[in-house]
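The numbering of the sequence shown is this note's numbering, which starts it at 99 and goes up by one. For every residue, glycine included, the Cβ atom is placed at its ideal position computed from N, Cα and C.
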Amino acid sequence: MKIEIKEKINKLLDSVKLKRTEPRRTILEALLRANKPQTADEIIIAIGDESPNKVTVYRTLESLVGAGLVHRAFIDERSQRYELADKCTEHQCHPHFVCTDCGQTHCMTQVTVPMATSPPAGFVIHRQQVRLEGLCPSCGNTGNRQDNSKTVDNTPLPD
Ligand SMILES: [Zn+2]
Ligand SMILES: [Zn+2]
Ligand SMILES: [Zn+2]
């Protein structure tokens with residue numbers, strides 16, 4: 099583990115008074131390196147041979163979520179995705195773009211969405227998450243490719 103990453107992770111754990119255990123450190127490192135929301139399975143694959151077992155990974159993720167270091171970026175039918183909470187403000191997670199075709203997710207940390215106001219009477223907003231749905235470049239490219247080939251076909255032959 100690189101020293102800067104190690105120090106950043108130690109600082110994160112210290113800031114919420116969690117013990118610096120090995121599973122917490124390896125999971126935080128995987129999230130830090132991934133830089134986009136990860137499922138528990140993706141985390142296990144990223145850690146490789148040294149990965150804690152699945153039960154430990156879930157339990158550790160829950161302790162990190164409970165401490166506020168990790169957010170559930172969003173939940174879909176397929177799985178939960180986790181990410182470091184350090185790019186979120188106190189009340190708002192950055193928006194996420196989800197490809198409805200292949201399911202890949204991107205953090206849109208540069209986009210700010212106005213915080214929703216006036217919840218129904220008696221409700222309190224703790225956190226706002228925005229999910230944008232559409233097609234990623236590889237899933238959305240089919241239409242463009244067809245258009246290009248049409249142009250090529252229409253090229254007139256020289257006399
Ligand atoms: Zn967040
Ligand atoms: Zn896609
Ligand atoms: Zn994100």
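- For T203, the enclosing beta strand (DSSP E) starts and ends at T203 to C205.
- Between V153 and L129, the C-beta gap is not smaller than 8 Å, which leaves the two residues out of contact.
- Here the residues close to ligand 2, judged by CB distance below 5 Å to any of its heavy atoms, are C197, D199, C200, C234 and C237 in chain order.
- Our two residues, L116 and I145, have alpha carbons roughly 21 Å apart in a direct line.
- With distances taken between CA atoms, H192 lies nearest to N133 out of I142, N133 and R157.
- With respect to E127, I107 sits close: the two C-beta atoms are nearer than 8 Å.
- For the 8 Å CB-CB criterion, M206 and F221 do not form a contact.
- The alpha-carbon of V114 is positioned some 19 Å away from that of Y156.
- Under the 10 Å beta carbon count, Q202 is surrounded by fewer than 16 other beta carbons and is classified as exposed.
- Counting along the chain, L182 sits inside the beta strand (DSSP E) bounded by residues Q178 to L182.
- Only residues of its own chain outside the window of five on either side were considered, and among them C197, T198 and D199 have a CB closer than 8 Å to the CB of L233, listed in chain order.
- In this chain, the alpha helix (DSSP H) harbouring G238 covers P235 to G238.
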